[in-house]
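Note sheet for the following structure.
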Amino acid sequence: MQLRRVVVTGIGAVSPFGCGFERLTEGLLTGRSAVAYCSALESVGGLRSQIAALVPTLDAKAIPRKFRRSMSAMSIYATLAGQEALTHARLDDAACQDGRTGVVIGSTVGSTLTTEEFFTDYLADHSLERMKSTLFFHIMNHSCASNVAQALDIRGRLLAPSAACSTGCQAIGYGFEMIAFGKQDRMLCGGADEFHPLTVATFDVMHAASINFNATPTQTPRPFDRDRDGVVCAEGSGILLLEELELAKARGAKILAEIVGFATLTDSSNIANPNPAAMTECMRLVLADAGLEAAAVDYVNAHATATEQGDIAEAQAIHELFGARVPVSSFKGHMGHAMAASGSLELAGAVGAMQRGLIAPTLNLEHIDPACAQLDHVRQPRETQVNVMVKNNFALGGVNSSIVLRRYPA
Amino acid sequence: MTEQEVVALINSSLAEEFELDLEDMDADADIFDDFGLDSLDIVDMVIVLESAFKFKIREERAIRKIRKLGEIYTFVLGKLNEAEQAS
Chain B
157 MQLRRVVVTG IGAVSPFGCG FERLTEGLLT GRSAVAYCSA LESVGGLRSQ
207 IAALVPTLDA KAIPRKFRRS MSAMSIYATL AGQEALTHAR LDDAACQDGR
257 TGVVIGSTVG STLTTEEFFT DYLADHSLER MKSTLFFHIM NHSCASNVAQ
307 ALDIRGRLLA PSAACSTGCQ AIGYGFEMIA FGKQDRMLCG GADEFHPLTV
357 ATFDVMHAAS INFNATPTQT PRPFDRDRDG VVCAEGSGIL LLEELELAKA
407 RGAKILAEIV GFATLTDSSN IANPNPAAMT ECMRLVLADA GLEAAAVDYV
457 NAHATATEQG DIAEAQAIHE LFGARVPVSS FKGHMGHAMA ASGSLELAGA
507 VGAMQRGLIA PTLNLEHIDP ACAQLDHVRQ PRETQVNVMV KNNFALGGVN
557 SSIVLRRYPA
Chain A
126 MTEQEVVALI NSSLAEEFEL DLEDMDADAD IFDDFGLDSL DIVDMVIVLE
176 SAFKFKIREE RAIRKIRKLG EIYTFVLGKL NEAEQAS
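Sequence lines, in order, name chains B and A.
For the first sequence, the numbering used here assigns the number 157 to the initial residue and increments by one for each residue that follows.
For the second sequence, the numbering used here assigns the number 126 to the initial residue and increments by one for each residue that follows.
If you want it as structure tokens, here you go:
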């Protein structure tokens, strides 16, 4: 079966650097950290990590109330990023409405804040009389995808994958496959998540959150660094518009890159612990899907969250497949871990850097952990024309995912 | 509460909930056509009014027939009068 080619024609981002794809790329290339002390965490008993990378104040009222009433913060981020991607791609309303454009956007869970607010009220007297009509739309698992489709009037397929840190990567991969197989012509894809102390607690309780940098937040997380101490939680949304190549060319769209491969698999060895063999297998599968040899890859954008187990396992897996030849960086050091949004935000940032002929570095990588030292770590913006990159995301729950993206024209 | 106070509380409560301009709160305004409310909003309007006036109106059939802001004033004033006479 002849599969159709799929290209990226629009990118939108709401990140800890603020609103906009350009702001995301600039933040990554200028070595800024978006991590800060988070006073909201002070009052949470037992929580040791008190830092986060939060989205700065934005104008949510740019979204009409009719649509915004059913949105928690994560849907607001996804909608603003989705609108930016459509504008960037110059895609008109008719194309959004023709049934051949769909949405694949996922989050880790529905809005925890809305759930907390509901139960805080409900548990006072176990009454549902004060429950607002829009509560469900905030907490349903497909909240972001539905809200984006409603607000942007997109009428094709709708899917909301949920695989924690692999969500954004999977969303792009599933969108890619739907277009490649001819089921849709365009897909608005990505992940979104909003900050809540429960996310920090999830990592803190597993001793996987960064806890030693509360007084110096910009120095953490430290992917691949000897002194790393764990994850810093973040929020935001990265959204990419994917299109079938010939249709994109026919309407004169500017093509930013081509998606050429996607793979995802389940690491059933442990629900929490990373396994380098399963990571290697995922990258092997994605290269096979792309029809490329490892030698064709000239950049790996790593998941690398700055946990000891995860970083070492991924370094081993990358080395197993690519040796020491391929430049590697992780963007967690700049903007923490945006969970479901991380894959699509990081891929967006990597494309932004690629368009400038650069690779963005790993921030806070000062003393490379000897157990990760076998790779070519990018520690300063590097002038390199990336032709083929691999993007990794590995999630709690044992969900591995990888994408291969190629410069266009190749 | 005086009638004016009741009207003012209705206006401020609905304006805050539905992001309406207080200057547009005219008794003749159609809450669907002029304010853009829909059936979901009517559910929340009931909750807002119940909270503001400390009464229960969710089961009132009359609520479902309301179209004008002035009809909300009349409905709420009637409920408050009923409650006052009953006490």
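Cβ atoms here follow ideal geometry from the backbone N, Cα and C, with glycine treated the same way.
If you're wondering where the values come from, they're calculated on a predicted model, not measured in any experiment.
Item	Value
Give the residues of chain A in contact with Arg286(B), contact being defined as C-beta atoms less than 9 Å apart.	Ile172, Glu175 and Ser176
One question on the structure: do Glu328(B) and Ile559(B) come within less than 7 Å of each other, judged by their Cβ atoms?	In the sequence as presented, Glu is not what sits at residue 328(B); that position holds Ile. Yes, the Cβ-Cβ distance between Ile328(B) and Ile559(B) is below 7 Å.
Out of curiosity, what's the CA-to-CA distance linking Val304(B) and Arg188(B)?	30 Å
Taking the continuous alpha helix (DSSP H) assigned at Leu571(B), which residues delimit it?	Lying before the first or after the last residue shown, residue 571(B) is absent from chain B, which here runs from 157 to 566.
Verify whether the separation of the beta carbon atoms of Arg225(B) and Thr271(B) is less than 7 Å.	no
Give a yes or no on whether the C-beta atoms belonging to Ala316(B) and His294(B) are separated by under 7 Å.	no
When you compare only the Cα positions, how much space is there between His352(B) and Leu269(B)?	7 Å
Run down chain A in chain order and give the residues with a C-beta less than 8 Å from the C-beta of Thr290(B).	Leu165 and Asp169
Just grab the DSSP bridge partners of Pro317(B) for me.	Per DSSP, none; premise fails for Pro317(B).
Answer yes or no: does any C-beta atom of chain B fall closer than 7 Å to that of Glu141(A)?	no
Kindly give me the distance between the Cβ atoms of Val482(B) and Ala336(B), rounded to whole angstroms, as I take these residues to be in contact under 8 Å.	Not really, about 25 Å apart at Cβ, beyond 8 Å.
CA-CA distance, Tyr455(B) and Ala348(B)?	25 Å
Given this structure, state the Cα-to-Cα distance separating Leu236(B) from Ala169(B), to the nearest angstrom.	8 Å
In angstroms, rounded to a whole number, what distance separates the CA positions of Arg221(B) and Arg384(B)?	43 Å
Can you round the beta-carbon distance between Glu355(B) and Met227(B) to whole angstroms, since I take them to be within the 8 Å contact cut?	Just to set this straight, residue 355(B) is Thr in the shown sequence, not Glu. That belief does not hold up - the Cβ atoms of Thr355(B) and Met227(B) are roughly 19 Å apart, past 8 Å.
Within the 7 Å Cβ cut-off, does Arg161(B) reach chain A?	no
Exposed or buried, what is Tyr278(B) when buried is set at 16 or more other beta-carbons lying within 10 Å of its beta-carbon?	exposed
Name the residues in the region 199-226 of chain B whose C-beta lies less than 7 Å from a C-beta of chain D; which are they?	Included in the structure are the protein chains B and A, with no chain D among them.
Judging by CA-CA distance, which residue of Gln375(B), His493(B) and Leu247(B) is the nearest neighbour of His127(B)?	One cannot answer for residue 127(B) here, as it falls past the ends of chain B, which runs 157 to 566.
Show which residues of chain B have a CB atom less than 8 Å away from the CB atom of Glu185(A).	The contacting residues do not exist; Glu185(A) stays about 14 Å from chain B at best.
In whole angstroms, what is the alpha-carbon distance linking Val260(B) and Phe200(A)?	45 Å
Mapping DSSP to helix, strand and coil, what is Met545(B)?	strand
Does any C-beta atom of chain B lie closer than 7 Å to the C-beta of Glu196(A)?	no
Does Arg161(B) come out as helix, strand or coil in the three-state DSSP assignment?	coil
Which bits of chain B does Gly161(A) rub up against, with CB to CB less than 7 Å?	Lys222
Should Met362(B) go down as buried or exposed, given a rule of 16 or more other Cβ atoms within 10 Å for buried?	exposed
Look up Ala419(B) in the DSSP assignment and say whether it is helix, strand or coil.	strand
Answer with yes or no whether the minimum CB distance from Glu148(A) to chain B is below 7 Å.	no
For Val555(B), which beta-bridge partners are listed by DSSP?	Thr422(B) and Ala551(B)
Quick test of your reading: Asn549(B) and Gly499(B), contact by CB under 8 Å. State the CB separation rounded to the nearest angstrom.	4 Å
Spatial neighbours of Leu203(B) within its chain, please: C-beta separation below 7 Å, excluding the five flanking residues on both sides.	Leu197, Pro353, Val356, Ala357 and Asp360
Within 8 Å, do at least three Cβ pairs link the region 529-549 of chain B to the region 392-405 of chain B?	no
What does Glu144(A) reach in chain B if we use C-beta pairs closer than 7 Å?	Arg221
When you compare only the Cα positions, how much space is there between Thr264(B) and Val453(B)?	30 Å
Excluding sequence positions up to five away, which residues of its chain have a Cβ less than 7 Å from the Cβ of Leu117(B)?	A question about residue 117(B) goes unanswered here, because the residues of chain B that appear run from 157 up to 566.
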